[in-house]
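Residue numbers (full-length UniProt numbering): 1 to 197.
Ideal Cβ positions, reconstructed from N, Cα and C, are used throughout, including at glycine.
All figures in this text were calculated on a predicted structure; none of them were measured in a lab.
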Amino acid sequence: MKEIMIATQNKGKVKDFQSLFKKYDIKVTSLLDLTEPVEEVEETGTTFEENALLKAETIANKLNMPVLADDSGLEIDALEGRPGVYSARYAGEEKNDQKNLHKVLEELRGVPEDQRSARFVCVLAVSRPNQDPIIRRGTCEGTITEGPIGDNGFGYDPIFKPENSNLTMAQLTSDQKNLISHRGNALKKIEDWVKNQ
Numbered sequence: 001m002k003e004i005m006i007a008t009q010n011k012g013k014v015k016d017f018q019s020l021f022k023k024y025d026i027k028v029t030s031l032l033d034l035t036e037p038v039e040e041v042e043e044t045g046t047t048f049e050e051n052a053l054l055k056a057e058t059i060a061n062k063l064n065m066p067v068l069a070d071d072s073g074l075e076i077d078a079l080e081g082r083p084g085v086y087s088a089r090y091a092g093e094e095k096n097d098q099k100n101l102h103k104v105l106e107e108l109r110g111v112p113e114d115q116r117s118a119r120f121v122c123v124l125a126v127s128r129p130n131q132d133p134i135i136r137r138g139t140c141e142g143t144i145t146e147g148p149i150g151d152n153g154f155g156y157d158p159i160f161k162p163e164n165s166n167l168t169m170a171q172l173t174s175d176q177k178n179l180i181s182h183r184g185n186a187l188k189k190i191e192d193w194v195k196n197q
């Protein structure tokens, strides 16, 4: 069975990637599976593209194998694109989904429903030794709800309602989410590379 290394220690992302790659019969491993821990790459980029490539290249060089990294986040129009690349640490240095989510809701308090447009963005970067990297962007448009709804997913999923849906991302099953998610959309764009692994 083929294997792919995902440059993340985020269990939610690992789960997403496992279900996305299942149909290609590819086993997903992540930094959590390494016997010797690899330091988390500091995300010093100002765009999703820069951060994804930074992570992929750093880990690929350390492990000398192809590595897929993603950088993803939530862009809210009423907040001029925030939290954006700072989505994971929006409420502080220690990553805390609940605090991040509540900070966003607090900042949007009083903003009417028709002005709560937002999108999830995911940039995937594949770094391969001695080859040019592959970088692809996927998005999922939607709106921010008044409060969290649903127990599935992670991050901002409970307050994000995708376009043409009455449910939040956190109310969808894993399979339903993968059909429309920013991660799923980005993955479709690197499908040719994935199939040839």
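Through-space distance from residue j to residue i, alpha-carbon basis
{"i": "ASN152", "j": "VAL14", "result": "14 angstroms"}
{"i": "PHE21", "j": "GLU191", "result": "10 angstroms"}
{"i": "GLU75", "j": "ARG119", "result": "5 angstroms"}
{"i": "GLY150", "j": "VAL28", "result": "26 angstroms"}
{"i": "GLU45", "j": "VAL85", "result": "One point to set straight first is that residue 45 is Gly, not Glu, in the sequence displayed. Going from the Cα of GLY45 to the Cα of VAL85 covers about 8 angstroms."}
{"i": "LYS195", "j": "ARG137", "result": "18 angstroms"}
{"i": "LYS189", "j": "ASN64", "result": "24 angstroms"}
{"i": "GLN176", "j": "ASP16", "result": "11 angstroms"}
Burial state of residue i (16 or more Cβ within 10 Å)
{"i": "ARG183", "result": "buried"}
{"i": "LEU68", "result": "buried"}
{"i": "ARG109", "result": "exposed"}
N- and C-terminal bounds of the beta strand (DSSP E) containing residue i
{"i": "ASP70", "result": "67-76"}
{"i": "VAL28", "result": "26-30"}
Terminal residues of the alpha helix (DSSP H) in which residue i lies
{"i": "LEU79", "result": "Run containing LEU79: none; DSSP gives neither H nor E here."}
{"i": "SER117", "result": "Unbroken run through SER117 is the beta strand (DSSP E), 117-127; no alpha helix (DSSP H)."}
{"i": "ILE180", "result": "174-180"}
Where residue i falls: helix, strand or coil (DSSP)
{"i": "SER87", "result": "helix"}
{"i": "VAL14", "result": "helix"}
{"i": "ARG136", "result": "strand"}
{"i": "GLY92", "result": "coil"}
{"i": "PHE21", "result": "helix"}
{"i": "THR58", "result": "helix"}
{"i": "PRO162", "result": "strand"}
Would you call the segment 154-174 in contact with the segment 133-146, where contact means no fewer than 3 C-beta pairs closer than 8 angstroms? yes
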